[in-house]
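Student: Take 0 as the starting number for the sequence shown in numbering that gives the first Met the number 0 and just add one per residue. I have a structure here, written as structure tokens, and I will follow up with some questions on it.
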Amino acid sequence: MKYCLLVLIILQMQMSINIMIVLLKNINRNDKHCLMNYIDNAFFIVKEEKIVYNIKRDEVMDMYYLDTDIPVELFQRVLKKKIYVDKSMLIDKFNDVIGSEDCYYCITRPRRFGKTINAAMLSAYYTKGYDTHELFENLKIAKTASFEEHINKHHVIYIDFSSVPQNCNSYEQYITSIYEKVKSDLIDYYNIKVRKTDDSLSTLFYATKDNFIFIMDEWDSIFYKKFMTDENKKEYLEFLRGLLKSKTYVELAYMTGVLPIAKYSSGSELNMFDELNFMNDDEYDLYFGFHEDEVKELCNQMSSIGYEELKYWYDGYYTSEGKSLFNPRSVSLALQKGKCKNYWTETGPMNEIAEYIEHNVDEVREDIVKMVAGIPIEVELEGYAASQLQLDSRDEILSAMVVFGFLSYHDGFLRIPNHELMEKFQRVLKRESMGGVADIVNNSKNVLDATIALDGQKVAQYIEEAHDREIPFLQYNNENSLSCVITLCYLYARNYYEVTREDKSGKGFVDYLFTPKKKGYPAIILELKYNKSVEDAIDQIKKKNYVERVKDFDEILLVGINYSTDADEHKHHDCIIEKYK
Numbered sequence: 000m001k002y003c004l005l006v007l008i009i010l011q012m013q014m015s016i017n018i019m020i021v022l023l024k025n026i027n028r029n030d031k032h033c034l035m036n037y038i039d040n041a042f043f044i045v046k047e048e049k050i051v052y053n054i055k056r057d058e059v060m061d062m063y064y065l066d067t068d069i070p071v072e073l074f075q076r077v078l079k080k081k082i083y084v085d086k087s088m089l090i091d092k093f094n095d096v097i098g099s100e101d102c103y104y105c106i107t108r109p110r111r112f113g114k115t116i117n118a119a120m121l122s123a124y125y126t127k128g129y130d131t132h133e134l135f136e137n138l139k140i141a142k143t144a145s146f147e148e149h150i151n152k153h154h155v156i157y158i159d160f161s162s163v164p165q166n167c168n169s170y171e172q173y174i175t176s177i178y179e180k181v182k183s184d185l186i187d188y189y190n191i192k193v194r195k196t197d198d199s200l201s202t203l204f205y206a207t208k209d210n211f212i213f214i215m216d217e218w219d220s221i222f223y224k225k226f227m228t229d230e231n232k233k234e235y236l237e238f239l240r241g242l243l244k245s246k247t248y249v250e251l252a253y254m255t256g257v258l259p260i261a262k263y264s265s266g267s268e269l270n271m272f273d274e275l276n277f278m279n280d281d282e283y284d285l286y287f288g289f290h291e292d293e294v295k296e297l298c299n300q301m302s303s304i305g306y307e308e309l310k311y312w313y314d315g316y317y318t319s320e321g322k323s324l325f326n327p328r329s330v331s332l333a334l335q336k337g338k339c340k341n342y343w344t345e346t347g348p349m350n351e352i353a354e355y356i357e358h359n360v361d362e363v364r365e366d367i368v369k370m371v372a373g374i375p376i377e378v379e380l381e382g383y384a385a386s387q388l389q390l391d392s393r394d395e396i397l398s399a400m401v402v403f404g405f406l407s408y409h410d411g412f413l414r415i416p417n418h419e420l421m422e423k424f425q426r427v428l429k430r431e432s433m434g435g436v437a438d439i440v441n442n443s444k445n446v447l448d449a450t451i452a453l454d455g456q457k458v459a460q461y462i463e464e465a466h467d468r469e470i471p472f473l474q475y476n477n478e479n480s481l482s483c484v485i486t487l488c489y490l491y492a493r494n495y496y497e498v499t500r501e502d503k504s505g506k507g508f509v510d511y512l513f514t515p516k517k518k519g520y521p522a523i524i525l526e527l528k529y530n531k532s533v534e535d536a537i538d539q540i541k542k543k544n545y546v547e548r549v550k551d552f553d554e555i556l557l558v559g560i561n562y563s564t565d566a567d568e569h570k571h572h573d574c575i576i577e578k579y580k
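Printed below as a string of structure tokens:
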């Protein structure tokens with residue numbers, strides 16, 4: 000204790016912080032704890048005198064989760080990036096609920112939508128472990144009334160649940176590692192004596208006589224591990240319940256993930272959480288993903304890529320109010336690299352969903368083909384829970400696709416959000432297990448080649464063969480069925496063209512417009528007719544001036560396709576192709 004007394008004298012004499020650090024290196028662990036408790040109590044006085052203490056906790060003792068430096072350093076790196084969109088007003092939202100009954104929040108969004116960055120930001124702001132004023136002084140939150148009230152005033156438990164111990168092969172190893180680290184932090188920092196009869200985490204937290212903010216990133220990541228059993232999933236939910244539910248030491252609990260909490264299951268283990276996702280969040284949706292105004296401002300700053308190109312590639316998501324939402328990671332990478340391309344790198348869930356599609360061919364495959372054709376799907380989505388990864392019905396599979404960010408949902412309709420995701424779905428349709436659909440798609444290169452070669456007879460033959468396959472939704476029961484056949488037959492063309500359907504052009508609407516992405520390919524205007532003639536289709540293209548949108552291209556092909564119900568048994572389709580002069 001003599002060293003602690005010496006340090007107290009030094010503090011009272013207002014000697015420099017550097018001397019304190021030297022002394023810290025020469026006192027034992029318990030004495031360090033004594034000093035840290037004094038610093039916590041003295042912090043407000045020191046701050047008022049404008050003496051900034053910047054002692055990192057890990058310079059005093061090693062901490063795994065309690066006021067750790069990990070989120071602080073992560074947020075520092077984010078702020079140093081060329082592209083940063085200020086989402087700090089999220090902090091002001093949570094400042095209003097700290098210490099109240101409504102202090103449990105679970106934000107679920109697809110990956111790459113800013114959840115981890117926001118979790119790091121919140122931790123860096125609230126932690127007592129650092130003076131982080133410098134990080135926030137130029138952000139929007141610094142101008143609010145609540146800024147000084149809460150910055151660096153709270154103990155933060157920050158856990159990244161996606162961080163798995165080395166050589167972890169079981170749930171027991173995983174959860175034991177987390178338990179032991181939290182326990183170690185509390186015992187070391189507060190010098191708690193543990194009773195073997197009750198060493199639960201909640202008992203330890205109560206023993207500190209302190210309050211805590213819990214920031215828990217990627218809470219659901221453990222559900223993807225192969226070693227997780229159904230019983231493990233229940234145990235994990237019970238672990239979180241025992242740690243957080245109805246605990247007065249919880250000032251704020253903020254969890255992020257891709258999958259919603261399984262509160263729909265019996266037991267309602269974590270029903271104290273307010274769950275907020277794409278479909279129901281009208282309060283925090285401004286803080287996840289990039290909005291139109293933010294993307295436009297980034298385009299003005301970077302000027303490497305135009306707004307419309309970014310919108311084509313990465314837009315297509317919606318807030319609960321219907322406002323446009325962009326994939327932030329893809330937008331950032333495109334602007335940094337000066338090129339729009341597919342930056343969607345998460346292949347695991349997409350492969351899993353593709354397997355579910357393949358095993359539910361009759362129900363889901365039709366929906367996917369329609370959406371690839373640009374036809375929205377009307378559906379009522381069901382809740383999709385983290386503990387229920389078995390997808391047995393059409394609605395469950397489609398709900399999962401929205402949760403993972405593969406589809407967007409708005410006003411009761413599902414769509415493929417953008418070109419980046421469209422490429423993914425096109426690849427799914429090529430899988431051998433997709434049966435006849437895959438055969439049509441894999442033949443689509445021949446259809447494009449025949450079109451460019453002005454071989455209308457060959458094009459008609461290929462479309463006839465696609466129609467003749469025993470695929471119920473391709474049997475022309477309505478206009479959408481015909482559109483699905485054309486989409487599949489020309490799917491390969493999307494490698495070289497932007498293909499738009501029923502695009503407003505000239506004096507009317509053209510059925511399909513193929514705009515070349517690269518030089519050397521002709522623009523293509525395709526008009527469909529039903530029980531009329533291919534000549535009628537070509538005449539309509541000319542009379543209504545559909546070429547207006549592609550007039551700057553050196554070569555333009557006009558394609559007329561007619562389907563006749565009265566034709567001979569094996570010749571329902573006709574096609575004529577001519578160059579526009």
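Even glycine gets a Cβ: it sits at the ideal position worked out from N, Cα and C.
Could you tell me if ASN168 is buried or exposed, where buried requires 16 or more neighbouring beta carbons within 10 angstroms of its beta carbon?
Tutor: In the sequence shown, the residue the question calls residue 168 occupies position 169. ASN168 should be labelled exposed.
Student: Should ASN231 be listed as close to the ligand NAP, given that the test is whether its C-beta is under 8 Å from any heavy atom?
Tutor: Ligands in the displayed structure: none, and consequently the ligand NAP is not present.
Student: What are the uninterrupted segments assigned as beta strand (DSSP E) that are 3 or more residues long and contained completely in the stretch 58–113, given in chain order?
Tutor: 103–107
Student: Short of 6 Å in beta carbon distance, which residues of its chain neighbour CYS105, apart from the five on each side in sequence? Order them along the chain.
Tutor: Within the sequence shown, residue 105 is the residue found at index 106, counting from 1. Taken in chain order, the residues that qualify are MET254, ILE260, PHE272 and GLU274.
Student: Taking VAL257 and ARG110 to be in contact with their CB atoms under 8 Å, please state how far apart those CB atoms are, rounded to whole angstroms.
Tutor: By one-based count along the sequence shown, residue 257 stands at place 258. By one-based count along the sequence shown, residue 110 stands at place 111. Right, their Cβ atoms sit about 6 Å apart.
Student: Report back the beta-carbon spacing between ILE576 and VAL546 to the nearest angstrom; my notes put them in contact at under 8 Å.
Tutor: Position 577 of the sequence shown, counted from the start, is the residue given in the question as residue 576. Position 547 of the sequence shown, counted from the start, is the residue given in the question as residue 546. In fact, because the Cβ distance is near 15 Å, the residues do not count as touching under 8 Å.
Student: Assign ASN441 to one of three DSSP states: helix, strand, or coil.
Tutor: Working through the sequence shown from its first residue, we reach residue 441 at position 442. Of the three classes helix, strand and coil, the one that applies to ASN441 here is helix, per DSSP.
Student: In or out: PRO416 buried (at least 16 other Cβ within 10 Å) or exposed?
Tutor: In the sequence shown, residue 416 corresponds to position 417, counting from 1. When all chains shown are included, PRO416 counts as buried.
Student: For GLU362, tell me which candidate among LEU65, SER392 and LEU73 has the shortest Cα-Cα distance.
Tutor: The sequence position of residue 362 within the sequence shown is 363, counting from 1. The shortest Cα separation from GLU362 among LEU65, SER392 and LEU73 belongs to SER392.
Student: Rank ASP573, PHE287 and ILE374 by C-alpha distance to the C-alpha of GLU534 and give the top, closest one.
Tutor: Residue 534 sits at position 535 when you count from the first residue of the sequence shown. Of ASP573, PHE287 and ILE374, the residue nearest in Cα terms is ASP573.
Student: Where does the unbroken beta strand (DSSP E) through VAL330 begin, and where does it stop?
Tutor: Here the question's residue 330 lines up with position 331 in the sequence shown. Here VAL330 belongs to no beta strand (DSSP E); instead the alpha helix (DSSP H) covers 327–336.
Student: Classify ARG430 as helix, strand or coil using the three-state DSSP reduction.
Tutor: Mapped onto the sequence shown, residue 430 falls at position 431. It is coil, neither helix nor strand.
Student: Can you name the start and end residues of the beta strand (DSSP E) that SER183 belongs to?
Tutor: On the sequence shown, residue 183 is found 184 positions in, with the first residue counted as 1. Element bounds for SER183: not the beta strand (DSSP E) but the alpha helix (DSSP H), 170–189.
Student: Judging by CA-CA distance, which residue of TYR316, LYS528 and GLU419 is the nearest neighbour of PHE325?
Tutor: Start at 1 with the first residue of the sequence shown, and residue 325 comes out as number 326. Among TYR316, LYS528 and GLU419, the Cα nearest to that of PHE325 belongs to TYR316.
Student: Closer than 7 Å by C-beta to ASN231: which residues in its own chain qualify, once you throw out the five before and the five after it? Chain order, please.
Tutor: On the sequence shown, residue 231 is found 232 positions in, with the first residue counted as 1. The answer, listed in chain order, is TYR170.
Student: What would DSSP say about LYS262, mapped onto helix, strand or coil?
Tutor: Translated into positions along the sequence shown, residue 262 becomes position 263. Note that LYS262 has pLDDT 42, beneath the 50 cutoff, so the model's placement of it is unreliable and the number below is only indicative. Three-state DSSP puts LYS262 in coil, outside helix and strand.
Student: Look up LEU556 in the DSSP assignment and give the residues it is bridged to.
Tutor: Reading the sequence shown from its first residue, position 557 is the one you call residue 556. For LEU556, which the question treats as bridged, DSSP gives the partners ILE523 and LYS578.
Student: Excluding five sequence neighbours on each side, which residues of the same chain lie with their C-beta closer than 8 Å to the C-beta of VAL193?
Tutor: One-based indexing of the sequence shown puts residue 193 at position 194. Taken in chain order, the residues that qualify are LYS182, ILE186 and LEU203.
Student: Helix, strand or coil for ASP565? Go by DSSP, reduced to three states.
Tutor: The count along the sequence shown starts at 1 and reaches residue 565 at position 566. Coil.
Student: From which residue to which residue does the alpha helix (DSSP H) around HIS466 run?
Tutor: By 1-based counting over the sequence shown, the position of residue 466 is 467. It spans 455–467 - the alpha helix (DSSP H) in which HIS466 sits, taken as one unbroken run.
Student: Under the DSSP definition of a beta bridge, which residues are partnered with SER407?
Tutor: Along the sequence shown, read from residue 1 onward, the residue named residue 407 stands at position 408. SER407 pairs with ARG414.
Student: State buried or exposed for THR564, treating a residue as buried only when at least 16 other CB atoms are found within 10 Å of its CB.
Tutor: Here the question's residue 564 lines up with position 565 in the sequence shown. Exposed is the call here.
Student: Would you mind giving the Cβ-Cβ distance between ALA587 and VAL484, rounded to the nearest angstrom? I have them listed as a contact below 8 Å.
Tutor: There is simply no residue 587 to check, as the chain begins at 0 and stops at 580 in what is shown.
Student: Return yes when the Cβ of LEU380 is within less than 9 Å of the Cβ of SER398, no when it is not.
Tutor: Taking the sequence shown and counting its residues from 1, one reaches residue 398 at position 399. Taking the sequence shown and counting its residues from 1, one reaches residue 380 at position 381. The answer is yes: Cβ separation under 9 Å.
Student: Restricting to Cα atoms, I'd like to know which of ASN530, ILE555 and LYS531 is closest to LYS541.
Tutor: What you label residue 541 is simply residue 542 of the sequence shown in a count that begins at 1. Comparing Cα positions, the closest option is ILE555.
Student: I'd like to check one pair, ALA353 with TYR342: are the Cβ atoms closer than 9 Å?
Tutor: Here the question's residue 342 lines up with position 343 in the sequence shown. Here the question's residue 353 lines up with position 354 in the sequence shown. For TYR342 and ALA353, no; Cβs fall outside 9 Å.
Student: Along the alpha helix (DSSP H) that carries GLY241, what are the first and last residues, could you check?
Tutor: The residue given as residue 241 occupies position 242 in the sequence shown. Segment 229–243, the alpha helix (DSSP H) holding GLY241.
Student: Quick one: residues in its chain with C-beta nearer than 6 Å to the C-beta of ILE560, no 5 flanking neighbours on either side, listed in chain order?
Tutor: In the sequence shown, residue 560 corresponds to position 561, counting from 1. Only LEU527 and CYS574 meet the Cβ criterion.
Student: Could you check whether the Cβ of LEU473 sits closer than 9 Å to any Cβ belonging to chain B?
Tutor: Among the chains of the structure shown, chain B does not appear; only one protein chain is present.
Student: Rounded to whole angstroms, what is the Cα-Cα separation between ALA141 and LYS86?
Tutor: Mapped onto the sequence shown, residue 141 falls at position 142. Mapped onto the sequence shown, residue 86 falls at position 87. If I take the Cα positions, the gap works out to 12 Å.
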